[in-house]
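Remarks on the structure that follows.
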Amino acid sequence: MEVDKKVKVEEKETNGTKGTVGEPKKTEAKEIVVVEKVETIVRDPVVSVTDSFANLALAFPSSFLSLRVSALLINLILMLFTLDFIYTPFIQTFPDLAYARVGAVTPHSARLVLRYPLPPLLEVMPAADELNREGEVEGVERLLKQESWEVHVWWRENVNVQAIGIEVEGPVELSWNEGPKVELLEENDWVGVAQLDKLLPATEYEYRFAFANSTILPVSKGQLTFRTFPAGNAAHFKFIASSCLMPNFPYRPSLSSTPSIRGFDLLASVLAKEPKRNVYGTEPESEPVSASPKTAPSPEAPAEEATTAMDNEPTPEPTEVVQQEEVPQTPLAESVTLVSETPQEAASARLPVSSVPSLPPLNLENAVSLFKSVLKGKPKEEVPESDANTEFALLLGDFIYADVPRYGGDDLEKYRRLYRRVYASDNYRKIYEHLPTLHIYDDHEITNNYVGHDNDSAAPFPRANNAYEVYQNNANYAPIRPGGNYYNFEYADSAFFVLDCRRYRTNVEQEIGDKATMLGEHQLSDFNHWLSKVNNTHTFKFVVSSVPFTTLWHGIDGQTDTWAGYPTERHEVLQKMASVPNVVIISGDRHEFAAVASAGRAGGNVLEFSTSPLNQFYLPLYSTFDTAAKTTATWTRPVERVVKNEQGEDEIEVTEEVVPEEKVLRYVREGQHKWGSFEVDTRDEEHPKLIFELFIDGQRAWRLNIPAKPVKKHPHSTALGMGRVIGQNFKHAMEAIGLWRALGL
1 MEVDKKVKVE EKETNGTKGT VGEPKKTEAK EIVVVEKVET IVRDPVVSVT DSFANLALAF
61 PSSFLSLRVS ALLINLILML FTLDFIYTPF IQTFPDLAYA RVGAVTPHSA RLVLRYPLPP
121 LLEVMPAADE LNREGEVEGV ERLLKQESWE VHVWWRENVN VQAIGIEVEG PVELSWNEGP
181 KVELLEENDW VGVAQLDKLL PATEYEYRFA FANSTILPVS KGQLTFRTFP AGNAAHFKFI
241 ASSCLMPNFP YRPSLSSTPS IRGFDLLASV LAKEPKRNVY GTEPESEPVS ASPKTAPSPE
301 APAEEATTAM DNEPTPEPTE VVQQEEVPQT PLAESVTLVS ETPQEAASAR LPVSSVPSLP
361 PLNLENAVSL FKSVLKGKPK EEVPESDANT EFALLLGDFI YADVPRYGGD DLEKYRRLYR
421 RVYASDNYRK IYEHLPTLHI YDDHEITNNY VGHDNDSAAP FPRANNAYEV YQNNANYAPI
481 RPGGNYYNFE YADSAFFVLD CRRYRTNVEQ EIGDKATMLG EHQLSDFNHW LSKVNNTHTF
541 KFVVSSVPFT TLWHGIDGQT DTWAGYPTER HEVLQKMASV PNVVIISGDR HEFAAVASAG
601 RAGGNVLEFS TSPLNQFYLP LYSTFDTAAK TTATWTRPVE RVVKNEQGED EIEVTEEVVP
661 EEKVLRYVRE GQHKWGSFEV DTRDEEHPKL IFELFIDGQR AWRLNIPAKP VKKHPHSTAL
721 GMGRVIGQNF KHAMEAIGLW RALGL
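Under full-length UniProt numbering, the first residue of the sequence shown carries the number 1, and numbering increases by one thereafter.
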């Protein structure tokens, strides 16, 4: 503020009067009046950009009205975004959600899931009254008859005649086959499961659901398809694994009627590039429907496995991992091929390869990706894609977050509502309508860091498990024990055991030493029996754990919520797994990626891949993972070496060698959308191999080629083995010409 002063002087004359005679004359006097005029001129101060940003971003007090109003509006918008993120899951209940998906698949069967809310009787009555007024008595009876609302699955083979060398004009369609009834009950939230049996192996099928009057249920905008597993041992296939997903994360305002799960969108884009997959993220044209069912209209249309080895160069590692001095030994064979990049190249490889980035939706995640794409250098040549197809997906828990960002309470409907919200996502629909998805829960399906104590009656497990049973477990493979949630299955000569790491575990703070258990007595016994059974019958054995098996995660709950909190049982399980060839652990939960090799005391190793999240946060500036494996357990073993004695003669010297139990192969922290792709190739029995690929934000970030140990499968006798082979070949021939199914076998 500046003040200018101006002074004006005014003079006034005062005339004197004449005096009387003899008196002197009065002199004139001047009166001076000083007038002071003050003018105040206020000039706008100069406000720096830094001060303005601080006022707006940090809501600092300001004397300027415009900044105060702007800060108020910004904070109001942020508050609305926060309320939207917290309470939208309680508002979006999706009671009318209808969907269909594929669950457990074998060479001859498939489990199909349908959710379709049937109209209540009160809603049917107006239509019945209208038919009654029109004299349609039979129509009224059929409408009110309970059997008319029965839903059946219809299915047929998808035949690609061009692929088998048959030239025809026009589309070739097979007739539809009526399958089993689907029980849709309100007590199960209108979710039902039907199993198709007597299918052909390695065959693609199309399926749909219809009422008794052949009306097709509108549950999809395109074809619903699945592919059965192959029969026999030799196979070349892929599967993916990940965990931890939350709709609308990173935060997106709820402007759409369906939640967004970008991780599934990225996964669908990768799967769409596979040789035999063109259904993910595409809208196939409508196909006419064959004569059975006659009145049913059709629905609306809706890497090369290894490159050259690195000639024993040090293994490239991300910045978080100490550089390896030698090529790490895998648990499956004596050597491994790593196809990887420097950290800078790995970061750029996760970005789109186009030179001119397109404008993505406005959010923080895309802004960071756009910034990286501008800074990246020359695009890196991509690894050639494999000719194998992804056959199923393993989702290892935290499918819903019942307690984040706000716990909805121990209420059955609130648990079910969260499952409906995920299945309502159009991003996820691209996956589950075609790709078999298999599940196991973790803690957030129940409550954070849940410990079951093998007590099924203690809240909140009964209601949380009911929702999981209806939406997930009924479509999984049959549990090993009735009422359980852990199960096993096979794909060709690869065996899988999916563990339940929550229901039977004890509290590590209450149970000390040998009493602490992760699996419980019965599950541990079943797991050991499975290991013995598949030891010499399957090449690869995959153990699926919702929490990491490695002990190298620290920080909050890192040493209590993972297998690290159960050292006695973990040691027992590790020694048994290490004695079996080609055991691989698949885990998730920690919102990071790590590949760790764990060594058994008697020899043998187990490799673990822990990958997450599929659609959740990660901590960019903070890590709790022991990348140098300094905290791992160690033991000593005698090592013999030949040395020269004083006489110059060779002699054997025995020394003690310290052996670390765990060795880090790779650790990656960054990435809000991560999954692991496992490529299994057992076509050459003498040289089976496993290839792991880490995908981050839809781009391949790391690749590991693992030559496995050949497993000599031992039939009971030579004659029996030959008989089994002949029998299988005869069965396959019968299936190929359709006689097997025609005979009802």
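For each residue, glycine too, the CB sits at the ideal point set by N, CA and C.
**OP:** Would you kindly report the start and end of the unbroken alpha helix (DSSP H) that includes Y87?
**Re:** Here residue 87 corresponds to residue number 87 of the sequence shown, with the count starting at 1. Run containing Y87: 65-91, per the alpha helix (DSSP H) assignment.
**OP:** Please determine if the segment 231-250 and the segment 489-496 are in contact, where contact requires at least 3 C-beta pairs separated by less than 8 Å.
**Re:** Result yes; three or more Cβ-Cβ pairs closer than 8 Å.
Original post:
Considering only residues of the segment 375-429, which uninterrupted alpha helix (DSSP H) runs meet the minimum length of 4 residues and lie entirely inside it, listed in chain order?
Top reply: Secondary structure within the segment 375-429: the alpha helix (DSSP H) runs of 4 or more consecutive residues, fully enclosed, are 412-423 (chain order).
Original post:
If you drop the 5 nearest sequence neighbours on each side, which residues of the same chain put their C-beta closer than 7 Å to that of T562?
Top reply: Position 562 of the sequence shown, counted from the start, is the residue given in the question as residue 562. These residues qualify, in order along the chain: V547, P548, W553.
Original post:
Counting along the chain, where does the alpha helix (DSSP H) carrying A467 start and finish?
Top reply: Here residue 467 refers to the residue found at position 467 of the sequence shown. For A467, the enclosing alpha helix (DSSP H) starts and ends at 461-471.
**OP:** Return yes when the Cβ of N476 is within less than 8 Å of the Cβ of A241, no when it is not.
**Re:** Residue 241 sits at position 241 when you count from the first residue of the sequence shown. Residue 476 sits at position 476 when you count from the first residue of the sequence shown. Taking 8 Å as the cut-off, the Cβ atoms of A241 and N476 do not count as close.
**OP:** Taking 8 Å as the cut-off, decide whether the C-beta atoms of L224 and Y251 are in contact.
**Re:** In the sequence shown, counting from the first residue as 1, residue 224 sits at position 224. In the sequence shown, counting from the first residue as 1, residue 251 sits at position 251. Inclusion of L224 and Y251 in the CB contact set at 8 Å is not warranted, their separation being larger than that value.
Subject >> Residues of its chain near N248, where Cβ-Cβ distance is below 6 Å and the 5 sequence neighbours each way are ignored >> reply: Residue numbering aside, residue 248 sits at position 248 when the sequence shown is read from its first letter. Hits under 6 Å: P259, S260.
**OP:** Figure out for me which residue from G222, T636, D650 has the closest Cα to the Cα of V642.
**Re:** Numbered from 1 along the sequence shown, position 642 holds the residue referred to as residue 642. Ranked by Cα distance from V642, the options G222, T636, D650 are led by D650.
Original post:
How about T550 and E608: are their beta carbons less than 8 Å apart?
Top reply: By one-based count along the sequence shown, residue 550 stands at place 550. By one-based count along the sequence shown, residue 608 stands at place 608. Closer than 8 Å, so yes.
Subject >> Closest by C-alpha distance to E178, when choosing among T655, Y441, N213, S66 >> reply: Here residue 178 refers to the residue found at position 178 of the sequence shown. The alpha carbon of E178 has as its nearest neighbour, out of T655, Y441, N213, S66, the alpha carbon of N213.
**OP:** Give a yes or no on contact between the segment 645-665 and the segment 595-604, applying the rule of three or more CB pairs nearer than 8 Å.
**Re:** A contact is defined here as three or more CB-CB pairs under 8 Å, and the segment 645-665 meets this definition with respect to the segment 595-604.
Original post:
Under the DSSP definition of a beta bridge, which residues are partnered with Y618?
Top reply: Within the sequence shown, numbered from 1, the residue matching residue 618 stands at position 618. Partner(s): none; Y618 has no beta bridge.
**OP:** Taking only the alpha-carbon atoms, compute the straight-line gap between S610 and Q575 and give it to the nearest angstrom.
**Re:** Position 610 of the sequence shown holds residue 610. Position 575 of the sequence shown holds residue 575. About 20 Å.
Subject >> Short Cβ contact (8 Å threshold) for F211 with E150 >> reply: Start at 1 with the first residue of the sequence shown, and residue 211 comes out as number 211. Start at 1 with the first residue of the sequence shown, and residue 150 comes out as number 150. Yes, the pair counts as a contact, with Cβ atoms nearer than the cut-off.
**OP:** Report yes if the C-beta distance between N582 and K541 is below 8 Å; otherwise report no.
**Re:** Taking the sequence shown and counting its residues from 1, the one referred to as residue 582 is at position 582. Taking the sequence shown and counting its residues from 1, the one referred to as residue 541 is at position 541. In this structure, K541 lies closer than 8 Å to N582 by Cβ.
Original post:
Exposed or buried, which one is T568 when buried takes at least 16 other CB atoms within 10 Å?
Top reply: Mapped onto the sequence shown, residue 568 falls at position 568. The residue is exposed, with fewer than 16 neighbouring Cβ atoms inside 10 Å.
Original post:
For the beta strand (DSSP E) that contains H236, what are its first and last residues?
Top reply: Taking the first residue of the sequence shown as 1, we reach residue 236 at position 236. Element bounds for H236: 236-242.
Subject >> Distance, R429 Cα to S52 Cα >> reply: By one-based count along the sequence shown, residue 52 stands at place 52. By one-based count along the sequence shown, residue 429 stands at place 429. S52 and R429: Cα-Cα distance of roughly 46 Å.
**OP:** On a CA-only basis, which of E509, A628, C244, D403 is nearest F617? Give me that one, please.
**Re:** Working through the sequence shown from its first residue, we reach residue 617 at position 617. Looking at E509, A628, C244, D403, the one whose alpha-carbon comes closest to that of F617 is C244.
Subject >> Neighbour-count burial assignment, V639, 16 or more Cβ in a 10 Å radius >> reply: Within the sequence shown, numbered from 1, the residue matching residue 639 stands at position 639. Burial call: exposed.
Subject >> Terminal residues of the beta strand (DSSP E) in which K255 lies >> reply: As a position in the sequence shown, residue 255 is number 255, starting the count at 1. Reading off the sequence, residue 255 comes out as Leu, not Lys. For L255, there is no enclosing beta strand (DSSP E), since its DSSP letter is neither H nor E.
Subject >> Terminal residues of the alpha helix (DSSP H) in which E646 lies >> reply: As a first step, residue 646 is located in the sequence shown; it is residue number 646 there, counting from the start. If you look at E646, you'll find it isn't in any alpha helix (DSSP H); DSSP assigns it neither H nor E.
**OP:** Have a look at I706, L72, I480, L271 and flag the residue whose alpha-carbon is nearest the alpha-carbon of A595.
**Re:** By 1-based counting over the sequence shown, the position of residue 595 is 595. With distances taken between Cα atoms, A595 lies closest to I706.
Original post:
For W635, which three-state DSSP category applies?
Top reply: Residue mapping note: residue 635 aligns to position 635 of the sequence shown, counting from 1. Looking at W635 - three-state DSSP - the assignment turns out to be strand.
Original post:
Who are the near neighbours of M722 in its chain, counting only those whose CB is closer than 8 Å to its CB and skipping five residues on each side?
Top reply: Within the sequence shown, residue 722 is the residue found at index 722, counting from 1. For M722, the pLDDT reaches just 48, beneath the cut-off of 50, and the residue's location in the model is therefore unreliable, although a value from the coordinates is still provided. Here the set comprises nothing.
Original post:
Thinking C-alpha only, which one of S257, Y99, N158, E183 is nearest P218?
Top reply: Taking the first residue of the sequence shown as 1, we reach residue 218 at position 218. When each option's Cα is compared against that of P218, the closest is Y99.
Original post:
Between the beta-carbon of N188 and the beta-carbon of E274, is there less than 8 Å?
Top reply: Here residue 188 refers to the residue found at position 188 when the sequence shown is read from its first residue. Here residue 274 refers to the residue found at position 274 when the sequence shown is read from its first residue. No; because the gap between Cβ atoms is not below 8 Å, this pair is not in contact.
Original post:
So does the segment 404-418 actually touch the segment 466-483, counting three or more Cβ pairs closer than 8 Å?
Top reply: Three or more Cβ pairs closer than 8 Å define a contact, and the segment 404-418 meets that threshold against the segment 466-483.
Subject >> E572, DSSP secondary structure in three states >> reply: Stepping through the sequence shown from its first residue, residue 572 is reached at position 572. Three-state result, E572: helix.
Original post:
In the structure shown, what three-state DSSP assignment does K533 receive?
Top reply: Position 533 of the sequence shown, counted from the first residue, corresponds to residue 533. Looking at K533 - three-state DSSP - the assignment turns out to be helix.
**OP:** Would you check if the distance between the CB atom of V422 and the CB atom of F399 is smaller than 8 Å?
**Re:** Position 422 of the sequence shown holds residue 422. Position 399 of the sequence shown holds residue 399. Yes.
Original post:
Which whole runs of the beta strand (DSSP E) in the segment 473-538 are 3 residues long or more, in chain order?
Top reply: As far as the segment 473-538 is concerned, its whole beta strand (DSSP E) runs of at least 3 residues are 487-491, 494-498.
Original post:
Thinking C-beta only, is L694 closer than 8 Å to K674?
Top reply: Taking the first residue of the sequence shown as 1, we reach residue 674 at position 674. Taking the first residue of the sequence shown as 1, we reach residue 694 at position 694. Contact check for K674 against L694 passes: the beta carbons are separated by less than 8 Å.
Original post:
If you draw a straight line from the C-alpha of G558 to the C-alpha of A564, how long is it?
Top reply: Walking along the sequence shown from the start, residue 558 turns up at place 558. Walking along the sequence shown from the start, residue 564 turns up at place 564. The alpha-carbon atoms of G558 and A564 are separated by roughly 8 Å.
Original post:
If you draw a straight line from the C-alpha of L438 to the C-alpha of S269, how long is it?
Top reply: Numbered from its first residue, the sequence shown carries residue 438 at position 438. Numbered from its first residue, the sequence shown carries residue 269 at position 269. C-alpha separation (whole angstroms): 20 Å.
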